[in-house]
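Residue numbers (our numbering): 3 to 172. Okay, so here's the structure we're looking at.
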């Protein structure tokens, strides 16, 4: 699907924010020894609008205890190759449902409130993940992978900030 590429939240780009590829140390006991495969943005911006990064089809809308509400959208890049965008830690005020077509820049949700079941109990933010390939209900929907998988390139995750900059998202 050709169309508009946009950032998922206002004021998205931040060269100081490097959550994609962050190797978790012992200071973060819940995910120690793993690598973060998404980009966390919109910190402490409760209920800030989250939009689709590109045109696509909503493939999943659900609540996962540790993630809160999530939305997964399947897109096609300029070469026609499929990829999925994943948005997590959302409020229950979702604006899309599975099977719905969306445009780049269309509101899909809002960032969840801090420390609520809505967003998995975290500070308010949105986790944005970009995954090569078509949507399937496999086990790729997660926020961290093992350090070995990361080092060996055994994953299909992309750096969201780099990908969107490369596609001229404003």
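Cβ atoms here follow ideal geometry from the backbone N, Cα and C, with glycine treated the same way. None of the values given here were measured: they were computed from a predicted structure.
Nearest-angstrom Cα distance between residue 54 and residue 110?
6 angstroms
Residue of 132, 154, 69, 9 minimising C-alpha distance to residue 84
132
Keeping to the same chain, check which residues put their C-beta closer than 6 angstroms to that of residue 25; ignore five residues upstream and five downstream.
37
Considering only residues of the same chain and omitting the five flanking positions on each side of residue 123, which have a CB-CB separation below 7 angstroms?
117
Measure the C-alpha to C-alpha separation of residue 70 and residue 112 and round it to an integer number of angstroms.
12 angstroms
Quick one: Cα of residue 160 to Cα of residue 134, how far?
7 angstroms
Quick one, which of 10, 39, 14 has its alpha-carbon nearest residue 157's?
39
Determine the contact status of residue 108 and residue 97, defining contact as a CB-CB distance below 9 angstroms.
yes
As a quick exercise: from 45, 27, 82, 86, pick the residue whose alpha carbon is nearest that of residue 144.
86
Return the first residue and the last residue of the alpha helix (DSSP H) that residue 24 is part of.
Run containing residue 24: none; DSSP gives neither H nor E here.
Does the beta-carbon distance from residue 52 to residue 128 come in below 9 angstroms?
yes
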